[in-house]
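In what follows, a structure is listed as structure tokens, so that the remarks can point back to it.
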Amino acid sequence: MATDYKFEGWLGHSPDSVKGKMEWGAFEPKKWTENDVDIQVTHCGICGSDLHMLRSGWGPTPYRHEIVGKAVRVGNNVKHIKVDDRVGVGAQALSCLQPDCPECSNGLENHCARGNVNTYGSVYPNDEGKSYGGYADYNRTNGHFVFKIPDGLPSEAAAPMLCGGVTVYSPLKKNGCGPGKTIGVVGVGGLGHFAVLFAKALGADKVVGISRKASKKEEVLKLGADKYIATDDDKNWHIDNARTLDLIISTVSSPNMPLTEYLSLLKVGGSFIQVGAPDGGNLPPVNAFTLIASGIKIGGSAIGSPEEIREMLQLAADKNIRPWVQLRPMKDANQAVIDMEEGKARYRYVLVNEKHVSA
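For the sequence shown, position 77 (counting from the first letter as 1) is numbered 76 according to numbering that gives the first Met the number 0, and the numbering increases by one without interruption.
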């Protein structure tokens, strides 16, 4: 296999990178092993976690994920991918994958506590190097976390699903979203619009979008939501809609969200699952009596397992699920990050590496 390509991409060297100050340059990929796949990047989604990383809100790390492209080199130990396959990588690049690992041995690789490596800004074990993500020409990732993209699912649709999509698909599936259920989605933006799409695809009877401003109502209903609640504009929204939802997926990342009011929307025994991650991780305080009175549960969820990603991609292909994306040239990544930070995306930006799309 030809290996005469160079690993170059947009690099974030400081928290100012989120202000449009990433720099294009060469980087050293992880050391090659026969478990790896090299990908010629054609598309890369811009995820909210990219902004957290760039401003160092989650730690002093740069670089990106949500990668789709063409496999150009495949290790001998990788059996499910072949050269020229259209493939993708999400937010995770490696876990320990040991047979005695309680998580990896049970299909919970995304929760592995022994050796979890992110696709961006992480250090590989065994002195294999660092991970640098996908605002780039090429990416190298362990084959266990490289997924074949189903036919019929466009690359620009698949890319943001690999992190943003599975981040909401996983808790929807695990918490019983389906026929007979009413689902609430707090924060209908990049993550939340995926939650509306997948809740409907999984067969929920009713999906309720919940955001601050009434100005989003028509967009959210067009996505497929059956009802919309504007918490800034609808007087007594938490009283009028009390105990109407079986499950809430919260995608917002604000420590000041009206959590008690959100919890009041749950039916007895309902669940509130937090997937948005504020800088610093702080959420509003919770009164124990709020939980006790309705027997409700609060939980969290992080991305999804490889099996869930494969399942989600196939569902999207089978049911023609299409996220709302806006394509931006890879060369304009700095401006796209600024626009994302300013909330202009409707609802995901996807960078297109035009030199490879046209190749």
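A virtual CB, placed ideally from N, CA and C, is assigned to each residue, including glycine.
Check, Outcome
"Going straight from the alpha carbon of Gly303 to that of His79, what length do you get?", "19 Å"
"Per DSSP, Cys43 forms a beta bridge with which residues?", "Ile66, Leu350"
"How is Tyr168 classed by DSSP in three states: helix, strand or coil?", "helix"
"Using the three-state DSSP reduction, which class does Gly186 fall into: helix, strand or coil?", "coil"
"Just to confirm before moving on: does the CB-CB distance between Ala158 and His42 stay below 7 Å?", "yes"
"Is Phe288 buried or exposed, if buried means 16 or more other CB atoms sit within 10 Å of its CB?", "exposed"
"So what's Gly58 in DSSP terms, helix, strand or just coil?", "Residue placement at Gly58 is flagged as unreliable, the pLDDT there being 40, under the threshold of 50; the coordinate-derived value follows with that caveat. In this structure, Gly58 counts as coil in the three-state DSSP scheme."
"Bridge partners of Val88, per DSSP?", "Ile66"
"Across the region 83 to 98 and the region 113 to 123, are there enough close Cβ pairs to call them in contact, namely three or more that are closer than 8 Å?", "yes"
"From the DSSP output, read off the bridge partner residues of Arg139.", "Asp37"
"Near Ser121, what residues of its chain come up, given a Cβ to Cβ distance below 6 Å and the 5 sequence neighbours on each side ignored?", "Ser130"
"Measuring only the C-alpha atoms, how far is Asn174 from Asp3?", "47 Å"
"Thinking C-alpha only, which one of Pro124, Ala335, Val351, Lys147 is nearest Met21?", "Ala335"
"Residues bridged to Gly299 by DSSP?", "Gln273"
"Can you tell me whether Leu326 is buried or exposed, with buried defined as 16 or more other CB within 10 angstroms of its CB?", "exposed"
"Is it buried or exposed for Pro124, if we count other Cβ within 10 angstroms and need 16 for buried?", "exposed"
"What is the rounded straight-line gap between the Cα of Thr243 and the Cα of Asp231?", "19 Å"
"Could you compute how far the alpha carbon of Ile45 sits from the alpha carbon of Arg347?", "7 Å"
"Look at Asp225 and Arg139 and say whether their C-beta atoms are less than 7 Å apart.", "no"
"Which class does His51 belong to by DSSP, given the choice of helix, strand or coil?", "With a pLDDT of only 49 at His51, under 50, the local geometry of the prediction cannot be trusted, and the value read off the model is given with reservation. Correct three-state label for His51: helix."
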